[in-house]
């Protein structure tokens, strides 16, 4: 038995990226624009969808709900009367803390892609791992909230850079929490200069129309 | 906390290239911007490789400093903290020249000696 060195030079996430491209080809073929919605647990992704998708006229929306366990979020979205598919990453105790391209791929047969213009993939709540795994999306939106503190961009730069829009949610809580908006925006500008931001409250609806407008301008790609 | 996810991805890549052979060491290039904690990655490597061809293998991590390049004034500099604006001109059009690598560079595998009889 002897030892041989094998040159590899491959991105460790190569396998995931290959599947992500296959997903994207499928989305392209059906003319579906895909948004990867990410945040820490409890930042308000589902609440934002409940509020924003209700009045998104003219866009046929579908939602892919990623959770470690259960269908609580999918149940909440049922009243929107849009196709919602639940994707669980766990089996028994524990489970993956993020969605990867292959998990999304496994859910594709359950999604009526030909009836959808915009697919929103609600990722598992986590400020680290989802940033590493592309799923075949067009854009990534990161939802943060004023309850999380203004230092988060500096602590999780990977996530705050891996997105095209940062939503600052729970504006209605501003009077009750120690959150310095100027400092937060200063930190965000250092980590991701020029990134789009929208301040809103999914609870009161303030700023949500701006979010809808942002979703509408994500170019809807024509079927190939 | 994403070292578990990363070690699993590295393992998948290594197994594909090992092609059934026993792996004794893996060389990984890790950029500073990937926020990987080397000790944590080594810890998870020992766990995800259990009961497989990579069990007991050494994960050599080459850490690569983060270097940015400003498109406006062409300055190139190294960063420790996640600040992506050019310190000279304040420009935001900044390219990552190095530091976002997560690359399996090479692996060392065991092979039967070629039959000489």
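Protein chains in written order, with my numbering: chain B, 1 to 224; chain U, 225 to 341. Built from N, CA and C at the ideal position, the CB exists for glycine as well.
query	result
Residues in the segment 253-277 of chain U having any Cβ partner in chain B nearer than 8 Å	257, 258, 259
Local Cβ density within 10 Å of residue 187/B, reported as buried at 16 or more and exposed below that	buried
Complete beta strand (DSSP E) runs within the segment 286-330 of chain U (minimum length 3 residues, chain order)	290-294, 300-303, 318-322
Supposed close pair residue 135/B, residue 99/B - CB separation, criterion 8 Å	6 Å
Sequence-distant residues of the same chain with beta carbon closer than 6 Å to residue 38/B, five excluded per side	123, 130, 142
Complete runs of the beta strand (DSSP E) confined to the segment 132-210 of chain B [at least 3 residues]	139-145, 165-169, 196-199
Check whether residue 328/U and residue 10/B have beta carbons under 8 Å apart	yes
8 Å Cβ cutoff met for residue 290/U and residue 279/U	no
Close-in-space but distant-in-sequence residues of the same chain around residue 224/B (CB under 6 Å, 5 per side omitted)	Annotation note: pLDDT 42 at residue 224/B (below 50); position unreliable, coordinate value reported separately. Result list for residue 224/B: 28, 29, in chain order.
is_contact[residue 248/U, chain B] using C-beta, thresh 8 Å	yes
Close Cβ partners of residue 200/B (< 8 Å) along its chain, the five nearest in sequence each way excluded	48, 167, 168, 169, 171, 206, 207, 208, 210, 211
Residue-chain proximity (residue 337/U, chain B), Cβ-Cβ < 8 Å	yes
Short-range partners of chain B found in the segment 295-323 of chain U, where Cβ spacing is below 7 Å	306, 307, 308, 309, 316
Within-8 Å CB hit, residue 157/B to chain U	yes
Proximity to residue 144/B [Cα-Cα], best of 96/B, 3/B, 41/B, 17/B	41/B
Contact set for residue 235/U: own chain, Cβ-Cβ below 7 Å, skip 5 residues either direction	272, 273, 278
Backbone CA spacing between residue 117/B and residue 62/B [nearest angstrom]	8 Å
Own chain residues within Cβ distance below 8 Å of residue 17/B, not counting five before or after	11, 101, 134
Segment limits, beta strand (DSSP E) that includes residue 252/U	247-255
Per-residue DSSP class, three states only, for residue 281/U	coil
Cβ pair residue 26/B, residue 108/B closer than 8 Å	yes
Meets three-Cβ-pair contact criterion under 8 Å: the segment 257-265 of chain U and the segment 292-299 of chain U	no
Reduced DSSP category for residue 116/B - H, G, I as helix; E, B as strand; rest coil	coil
Rounded C-alpha distance that separates residue 325/U from residue 204/B	42 Å
Rounded straight-line distance, which links the Cα of residue 316/U to that of residue 300/U	13 Å
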